[in-house]
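Asks: Here the sequence shown stands for residues 2 to 267, numbered as in the working numbering.
Think of the CB as a built atom: it goes at the ideal place given N, C-alpha and C, for glycine as much as any other residue.
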Amino acid sequence: ALGAGSKQGLAAAKEEEPTEAEKAQWFYEWTKDYKPGEPGSPGLHEGTEWPVSTPKMNEDFTWQIDPATGVPPKACIFMYAGVHAGKGAIQGAERALALATPLMPPAASRQIKHIDSLSPSEVRGVLWDDDALNPIQQTNFLVIPALHDYPTIAKETAWSFRDFCEHGRTVVFLGGVINIYVMNEIFGWKLEPFYQPGPYVWNDHYSPGTPFEHLPKKLPDTGNTRMGMTGVAIGSIPPGGASFFDSNAASVALCVPVGSGKVQPI
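Following this line, the structure appears as structure tokens:
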């Protein structure tokens, strides 16, 4: 049972709850400079004055609007930014993620956290992150930008990657032949690098109902096969995987389920 002091404290806390007008003013001040995709734009779950409630999902798998903030939850993204990834690849990955879906935080947001190593302890720290701004695991992403050098992958690191996915989270690999071989090492796959000239066509069987649904139906070939447009041979995609954009049996955007999570090479 609550003592008299505790009851008085609860009553005082209730009296101090903000009014709807105060919430509206706070929300305006908090979001007036929000410009999705632009460097330096604040994230919508940064600096909140009162606790963000646990996000809830609608039946169509979109996120419900937070009653305290007036916006859906934003993802918390961990991105590898070590010596095997160039500065340009990291910046390009941040911009691409910021524009990908409404769930993603803006580029250069504090919700995009850089990790400088793929050591077992660093990757395990991502798996067990307890950031209050990311209260549910489904909004947690680990991103590997296009790598220009092959990293050392300890067996404990590979375990953590797989564990990360099996707990319902997503690993995104952005471009590059090296990344294809890294995925093979971590997940035990046999993905085959395969280049076909574009354009790359929207796959009408798998893309509906995904974030790729609203993209143009054709994507151009950049002409630079070495740094990222080499895709994956569709025939080498593991069972259960799906291609979203492809050209003559070469997929440049796909998804492979791992446990209750997934790996998404783009």
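How about SER237 and LEU192: are their beta carbons less than 8 angstroms apart?
Replies: yes
Asks: Going by DSSP in three states, TRP190 sits in which element: helix, strand or coil?
Replies: Residue state for TRP190 is assigned as coil, using DSSP reduced to three classes.
Asks: May I ask you to list the residues that DSSP assigns as paired with TRP203?
Replies: PHE246
Asks: Return the residue from the list ALA234, ASP247 and SER208 that minimises the CA-CA distance to ALA220.
Replies: Checking the sequence shown, residue 220 turns out to be Leu, not Ala. Closest option to LEU220, Cα to Cα, is ASP247.
Asks: What's the gap between the Cα of PHE165 and the Cα of TYR207?
Replies: 24 angstroms
Asks: Looking at the strands, I want to know which residues DSSP matches up with SER252.
Replies: SER252 pairs with VAL233 and ASP247.
Asks: For my contact list, LEU148 and HIS85 are in at a C-beta cut-off of 8 angstroms; report their separation, rounded to the angstrom.
Replies: 5 angstroms
Asks: For my contact list, GLY241 and PRO258 are in at a C-beta cut-off of 8 angstroms; report their separation, rounded to the angstrom.
Replies: 5 angstroms
Asks: Looking at the structure shown, is TYR81 part of a helix, part of a strand, or coil, going by DSSP?
Replies: strand
Asks: May I ask you to list the residues that DSSP assigns as paired with GLY169?
Replies: According to DSSP, GLY169 bridges with nothing at all.
Asks: At what residues does the alpha helix (DSSP H) containing GLY126 begin and finish?
Replies: Note, GLY126: alpha helix (DSSP H), 121 to 128.
Asks: Classify ASN141 as buried or exposed, calling it buried when 16 or more other Cβ atoms lie within 10 Å of its own Cβ.
Replies: buried
Asks: Can you give the Cα-Cα distance for PHE195 and SER118, rounded to whole angstroms?
Replies: Whole-angstrom Cα-Cα distance: 28 angstroms.
Asks: Helix or strand or just coil, what does DSSP make of ILE137?
Replies: Residue confidence for ILE137 is low, a pLDDT of 46 falling below 50, so the modelled location carries little weight and cannot support an answer.
Asks: Tell me where the beta strand (DSSP E) around LYS1 begins and ends.
Replies: What the structure shows of the chain is the stretch from 2 to 267, and residue 1 is not part of that stretch, so it cannot be assessed.
Asks: Rounded to the nearest angstrom, what separates ILE267 and ILE145 at their Cα positions?
Replies: 10 angstroms
Asks: From the DSSP output, which residues share a beta bridge with LYS219?
Replies: Looking at the DSSP assignment, LYS219 forms a beta bridge with VAL202.
Asks: For ASN180, count neighbouring Cβ atoms within 10 angstroms of its own Cβ and tell me buried if that reaches 16, exposed if not.
Replies: So ASN180 counts as buried.
Asks: Shortest alpha-carbon distance to THR171 belongs to which of ILE78, ASP150 and ALA22?
Replies: For the residues ILE78, ASP150 and ALA22, the minimum Cα distance to THR171 belongs to ILE78.
Asks: With DSSP run on the structure shown, which of helix, strand or coil describes VAL259?
Replies: In the structure shown, VAL259 sits in a strand (DSSP, three-state: E or B).
Asks: Decide if SER261 is buried, meaning its Cβ has at least 16 other Cβ atoms within 10 Å, or exposed.
Replies: exposed
Asks: What residue from ARG96, LEU98, ILE154 and ARG125 has the CA that sits closest to MET184's CA?
Replies: ILE154
Asks: To the nearest angstrom, report how far apart ASN204 and ALA22 are at their CA atoms.
Replies: Computed Cα separation, rounded: 47 angstroms.
Asks: Can you say whether TYR151 is buried or exposed, counting buried as having 16 or more other CB atoms within 10 angstroms of its CB?
Replies: exposed
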